[in-house]
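In the working numbering, the protein residues as written are 855 to 1099.
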């Protein structure tokens, strides 16, 4: 232990003695070898899991700090298997570029999304991948619906004209973005100005299942609007245009 942990021999001896007192280790041979007990194995495994969870929280700290509570039921083990992207000073548009990569440019069979912002980049990406046979569902909140109707009426009208497109409006303000496209799931985090700053994505079965459950929950809690349903009030501006994206 002293060699492995780079600590003094006396420190290692005190630690081993404490493990023995707690029933985590037992002397195996007369030459000073010790082995973990069943309880010790449980503690060791739990510590390794704790270390892994801390590493995941650190790796995805920007995303986790900006998506609200939606990820509270997402297993850290699943997070470790995903592709993560975060905006940096050298590459502030990395999450946007990742979104475009995941969305692709070919027609898709099925597209389901949740978005908390109005984005021309999102609209243009959707136009490229929605074909005549594509099934498309999108959940937005009332603030985004109002902004879409006032600032992008042509895009909204075109969306309503698509037979395969379904729009849902959440009465609650959305805090994250989610996209499911042909078995690939993408989760996005935004800052207070509506800038896309971090994302995770992948085709991992557990993550896709989580994304499908999350999408279904928000869609169930939303309603289907008509073009004239937008409410009066202050509208927000396109955050991508504000930042020159």
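Even glycine gets a Cβ: it sits at the ideal position worked out from N, Cα and C.
Bounds of the alpha helix (DSSP H) holding residue 1071 are 1059-1074. According to DSSP, residue pairing for residue 939 in a beta bridge involves 1053.
Closest in alpha carbon position to residue 976, among 963, 998 and 918, is 998. Excluding residues up to 5 positions away in sequence, 962, 963 and 964 lie with their Cβ nearer than 7 Å to the Cβ of residue 1036 in the same chain. In this structure, residue 940 sits away from residue 956, with a CB-CB distance that is not shorter than 8 Å. Check the Cα spacing between residue 1032 and each of 954, 1043 and 1060: the tightest is with 1043.
For residue 1004, the enclosing alpha helix (DSSP H) has its first and last residue at 996-1005.
Residue 991 sits close to residue 966, with the two beta carbons spaced by under 8 Å. The beta strand (DSSP E) runs lying completely inside the region 906-953 and spanning 3 residues or more are 937-940, given in chain order.
For residue 889, the number of other beta carbons within 10 angstroms of its own is below 16, and it is reported as exposed. Excluding its 5 nearest sequence neighbours in each direction, residue 1041 has C-beta neighbours in its own chain below 6 Å: 1032 and 1054, listed in chain order. Beta-bridge partners of residue 868 (DSSP): none assigned.
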